[in-house]
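Under numbering that gives the first Met the number 0, the sequence shown has 49 at position 50, and the numbering climbs by one with no breaks. Below is one structure, written out as structure tokens; the observations come after it.
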Amino acid sequence: MSQKHLISTEQDIAANPNENVWVQANAGTGKTSVLVQRLLRILFRSVGNDYPTGILCLTYTNAGASEMRNRILSALHDWAIASDDELVDMLKDISNNKNPNKSDLNQARNIFYKYIDNTDILKIKTIHGFCEEILRRFPIEAEISPAWNLISDSNQRILLSDAFHRLINSPIQQNDSSQGNFGINKTMVNDAFSRIVERISEHSFEELLGTLTKQYKLFFKIADIIKYREYFIDKTKYFLDLNSPIITEIEVDILHNIIKKAEEEVKSSKKPAGYLLTIIDLTKQYIDKTINFEEYKSAYLTASDTKNVNVGKKDYLADEQDRVYKLNQRILDEQIFADTVALFDLSAAFTETYKNIKAERNALDFDDLILYTGKLFSKPDVMGWVLSQLDLSLSHILVDEAQDTSPEQWEILRMLSGDFFIDGDTEYHTHSLFVVGDTKQSIYGFQGADPLAFATSKDDITNQIKQNLRTIKEVPLTQSFRSTEPILRAVDHFFGNSDILHISGFINNDHKCFRIDKPGLVELHKLFSKESN
0 MSQKHLISTE QDIAANPNEN VWVQANAGTG KTSVLVQRLL RILFRSVGND
50 YPTGILCLTY TNAGASEMRN RILSALHDWA IASDDELVDM LKDISNNKNP
100 NKSDLNQARN IFYKYIDNTD ILKIKTIHGF CEEILRRFPI EAEISPAWNL
150 ISDSNQRILL SDAFHRLINS PIQQNDSSQG NFGINKTMVN DAFSRIVERI
200 SEHSFEELLG TLTKQYKLFF KIADIIKYRE YFIDKTKYFL DLNSPIITEI
250 EVDILHNIIK KAEEEVKSSK KPAGYLLTII DLTKQYIDKT INFEEYKSAY
300 LTASDTKNVN VGKKDYLADE QDRVYKLNQR ILDEQIFADT VALFDLSAAF
350 TETYKNIKAE RNALDFDDLI LYTGKLFSKP DVMGWVLSQL DLSLSHILVD
400 EAQDTSPEQW EILRMLSGDF FIDGDTEYHT HSLFVVGDTK QSIYGFQGAD
450 PLAFATSKDD ITNQIKQNLR TIKEVPLTQS FRSTEPILRA VDHFFGNSDI
500 LHISGFINND HKCFRIDKPG LVELHKLFSK ESN
């Protein structure tokens, strides 16, 4: 039988189901115990009253969800078989009564059997598992096939490759202006692909496919691609400052004057500067139009397109150097603009092609679980109806490992929390939100996790639920029971550094060490980039 553990004041506040709590939990501070404690309190205080209670606990991995279910089931089982004295001790932090009475004991013993008979009281799932359940039950509302199947990562890679090859190998008719659902016609796709192929190596096609795949989530959410494309083009031009006029041509007399002054300086010098000889030579060729601007600019700019410092020291060369530099920057910016629009068009067309292939095969990938659920929940009237049709009314949302949640997943959580707070609370039917995570432990960036979204989402949800007269209490868990002091001090020193704070964008909670007298060792290794390896 599991033993009852004392909890700290901070852990007790975080586990209070009557509070909306946002927990920044350092490693080894007992966040899982707090989560279990909060779930047990919710079960004890809600099961048996007249209000149906739905508890949704979201964690990042299936292993984490399985561990959580096992710990809850184990605790409820212990309640069912414990002696009165043992059960009184177990319930001191669980029940509303500091000294549990006979009624509390009976209720605790019955919860185990009620939970076994109706496990939907408590849904412990990954965010993908929750979204899959929603889409299985409401495919029509989500605008997908009722017979959809979830494809594995390996099959997804095959479909992505099929979409890419279908896209680039589709026959293009001359002046074909037919448009797909995304408003990108085949001629535009052909032009976009041709441009990108000119800019990359034939060995970079896999990298191009990876780039298009990453863009899928963005383009999936665009309702009107034609209007968005216009907006995108305008914003890109504005960012690159392409609408500002610049001097592109120069009078021949000015160039002749530059040659004259440069030659005079060369004749008066015992050892003429090489850059002056280059200017004289290239300017003459530029006047005769035997070289183009790309060759001519090397008289004034370095190989990296910066201004040649020596040239800039000559007053009679400064204006032309400035003109050449600005014109070259405009040419580079126009190339960037054309490349960007080409990638936009190719990404939009790829998204449509990939969606069509999956529709043909009634398939969804793991990204689709989040995307289609987000699309479904973006319609408030539909979302409210969907939640009302679930087995139990949703009353408590708990999010574990929140630092590994992607922006798209946060969007779903924000819509969930905003909707279910609309209902009024009663003394026995409380709505609550609990989020726990540690930005320092975010390790799933390759799957879209964004630790900065942990902080920004807190502000967004705080502002959102204020409209329903709710607040969120921030509770830091800082006392580490796992690591020793040298290790914790090293972590605090690193994450407390001003340069690191500027990069990370979040504030570190300094650790409190429980194992004060225990030894510890920190080793520092040199960092190596992929290129250097």
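Note that CB positions come from ideal geometry on N, CA and C, so glycine has one too.
Within 10 Å of its beta-carbon, does residue i have 16 or more other beta-carbons around it, so buried, or fewer, so exposed?
i, result
"Y237", "exposed"
"T58", "buried"
"E205", "exposed"
"Y315", "exposed"
"L415", "buried"
"E359", "exposed"
"Q10", "buried"
"Q173", "Bear in mind that the predicted position of Q173 carries a pLDDT of just 44, short of 50, making it unreliable; the figure below should be weighed with that in mind. The residue in question, Q173, is exposed, as its Cβ has fewer than 16 Cβ neighbours within 10 Å."
"P99", "buried"
"A302", "exposed"
"N19", "buried"
"D399", "buried"
"Y285", "buried"
"E333", "exposed"
"Y112", "exposed"
"R228", "buried"
"I139", "exposed"
"I115", "exposed"
"K30", "buried"
"F218", "buried"
"S177", "Caution is warranted here: a pLDDT of 49 is assigned to S177, below 50, making its placement in the model unreliable, and no coordinate value can be reported."
"A141", "buried"
"N117", "exposed"
Taking residue i as the reference, give the member of the options with the closest Cα.
i, options, result
"E293", "D304, A341 and K283", "D304"
"A62", "R360, S405, T125 and K216", "T125"
"N533", "T186, R156 and N154", "In this structure the chain extends from 0 to 532, so residue 533 is not present and cannot be described."
"L159", "A26, G209 and L520", "G209"
"E522", "R514, K511 and I486", "I486"
"L520", "V490, D498 and F527", "V490"
"T461", "L412, R481 and S497", "L412"
"F480", "T118, N15, N25 and I12", "N25"
"D535", "L104, L72, N95 and M67", "One cannot answer for residue 535 here, as it falls past the ends of the chain, which runs 0 to 532."
"T352", "L254, S151, V188 and I139", "V188"
"F129", "I139, I54 and N154", "I54"
"D509", "M89, P475 and I278", "P475"
"K216", "R488, E484 and E407", "E407"
"R194", "H492, I12 and L345", "L345"
"F231", "C512, A341 and Q320", "A341"
"F192", "F343, M67 and N17", "F343"
"N95", "L254, P16 and I253", "P16"
"E263", "F137, D190 and I279", "I279"
"K457", "N496, M382 and E410", "E410"
Starting from residue i and walking both ways along the beta strand (DSSP E), at which residues does that stretch end?
i, result
"Q402", "Note, Q402: premise wrong, no beta strand (DSSP E); not H, not E."
"I335", "That residue, I335, is in no beta strand (DSSP E); its alpha helix (DSSP H) goes D314 to E359."
"P475", "K472 to L476"
"G436", "S431 to G436"
"H395", "L393 to V398"
"R198", "First-last for R198: K185 to R198, but that is the alpha helix (DSSP H), not the beta strand (DSSP E)."
"F513", "K511 to R514"
Please look up how many angstroms separate the CB atoms of residue i and residue j, rounded, as I've assumed it's under 8 angstroms.
i, j, result
"V265", "L275", "5 angstroms"
"A79", "R108", "5 angstroms"
"Q402", "D437", "6 angstroms"
"I6", "Y371", "Not quite, the Cβ-Cβ distance comes to about 40 angstroms (not below 8 angstroms), so this is no contact."
"F349", "L211", "4 angstroms"
"I396", "W21", "Incorrect: roughly 12 angstroms between the Cβ atoms, too far for contact."
"R40", "I93", "5 angstroms"
"I150", "L375", "With 8 angstroms as the limit, I150 and L375 do not qualify as a contact, their Cβ atoms being about 20 angstroms apart."
"Y324", "K306", "6 angstroms"
"K296", "N327", "5 angstroms"
"I110", "L75", "6 angstroms"
"L239", "I335", "6 angstroms"
Check for me: the alpha helix (DSSP H) holding residue i runs from which residue to which?
i, result
"V87", "D83 to M89"
"G27", "Unbroken run through G27: none, as it is neither H nor E."
"G383", "P379 to S387"
"K374", "F365 to F376"
"L55", "Premise fails: L55 lies in the beta strand (DSSP E), G53 to T58, not in any alpha helix (DSSP H)."
"F218", "F204 to F219"
"R70", "N61 to I80"
"D533", "Outside the modelled stretch of the chain, which goes from 0 to 532, sits residue 533, for which no answer is possible."
"R469", "From DSSP, R469 is part of no alpha helix (DSSP H); its letter is neither H nor E."
"V521", "Neither: V521 is in no alpha helix (DSSP H) and is coded neither H nor E."
Against chain C, with Cβ distances strictly below 9 angstroms, would residue i count as a contact?
i, result
"N98", "As a matter of chain content, chain C is missing from the structure shown, which is built from one protein chain."
For this session: Entirely within the stretch 93-151 and at least 3 residues each: give me those beta strand (DSSP E) ranges in chain order.
Result: Fully enclosed beta strand (DSSP E) runs of 3 or longer: 121-125.
Exercise. Fully enclosed by the stretch 240-323, which alpha helix (DSSP H) runs are 4 residues long or longer?
Worked result: As summarised for the stretch 240-323, the continuous alpha helix (DSSP H) elements at least 4 residues long and confined to that stretch are 251-266, 273-287, 292-295 and 308-311, given in chain order.
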